[in-house]
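The sequence shown maps to residues -14 to 134 in our numbering.
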Amino acid sequence: DRPLDMRGERAALVVGRYAAQRRFVPNLVLCSSARRSRDTLELILTQWPKVPAIEIDRDIYLVGEHGLRKRLGKVGHGVSSVMVVGHNPDLHDLAIRLAGKGDDSLRDSLREKFPTASLAALKLPIDDWADIPASSATLIAFASPKLLV
């Protein structure tokens, strides 16, 4: 389990600050148990005005897009927003699968590449996390650390 390098640390801080500025601080963070994911989350949290509920979950590590959707399906009814801190290609595949609406150029950028420490903000038209239809989300933001610096 490798720690974050300096570049990863800077990226986490930049993305955390961006999320706070855009008011993307969620009610719940699902974070992979991998060290780099936990380190990334710790740095992101330093940029947020409040600390949300956090679940460290080893079942987020390389489970594929379907596995991530299955894990999201276990989120409770009282949770209105979730951030997943995990791994590619799973996060990239999940974002592509869900983002059926939104600005075309933004969705094209998302499909093209999902660099390390990127953030895709999706608005889902759901009442139950167990029911997340493919292509149902609106991509409201997509940013990578390189674009934010």
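Built from N, CA and C at the ideal position, the CB exists for glycine as well.
Nothing here was measured: the structure is a model prediction, and the numbers come from that model.
Less than 8 Å between the CB of residue i and some heavy atom of the ligand SAH, yes or no?
| i | result |
| --- | --- |
| V70 | Here there are no bound small molecules, and the ligand SAH is not part of this structure. |
Do you know how far the Cα of residue j is from the Cα of residue i?
| i | j | result |
| --- | --- | --- |
| G87 | Y46 | 28 Å |
| L28 | F99 | 20 Å |
| N73 | T101 | 8 Å |
| T25 | C16 | 9 Å |
| V134 | V(-1) | 7 Å |
| Y3 | K35 | 14 Å |
In terms of residue numbering, what span does the alpha helix (DSSP H) encompassing residue i cover?
| i | result |
| --- | --- |
| T25 | R20 to L30 |
| A119 | Unbroken run through A119: none, as it is neither H nor E. |
| G61 | Run containing G61: none; DSSP gives neither H nor E here. |
| I111 | Unbroken run through I111: none, as it is neither H nor E. |
| G87 | Note, G87: premise wrong, no alpha helix (DSSP H); beta strand (DSSP E) at A84 to G87. |
Between which residues of its own chain and residue i is the CB-CB distance below 7 Å, once the five residues before and five after are set aside?
| i | result |
| --- | --- |
| L95 | A80, I81, A84, A105, L124 and F127 |
| K108 | A122, T123 and I125 |
Going by DSSP, what residue range makes up the beta strand (DSSP E) through residue i?
| i | result |
| --- | --- |
| L13 | L13 to S17 |
| K108 | L104 to K108 |
Hey, residue i and residue j are a contact pair by Cβ (cut 8 Å); roughly how many whole angstroms apart?
| i | j | result |
| --- | --- | --- |
| V67 | L57 | 7 Å |
Between residue i and the rest of its own chain, which residues show a CB-CB distance below 6 Å, the 5 nearest in sequence each way excluded?
| i | result |
| --- | --- |
| W33 | A5 and V10 |
Legend entry - Given 8 Å, three or more beta-carbon pairs between the region 32 to 44 and the region 7 to 16: yes
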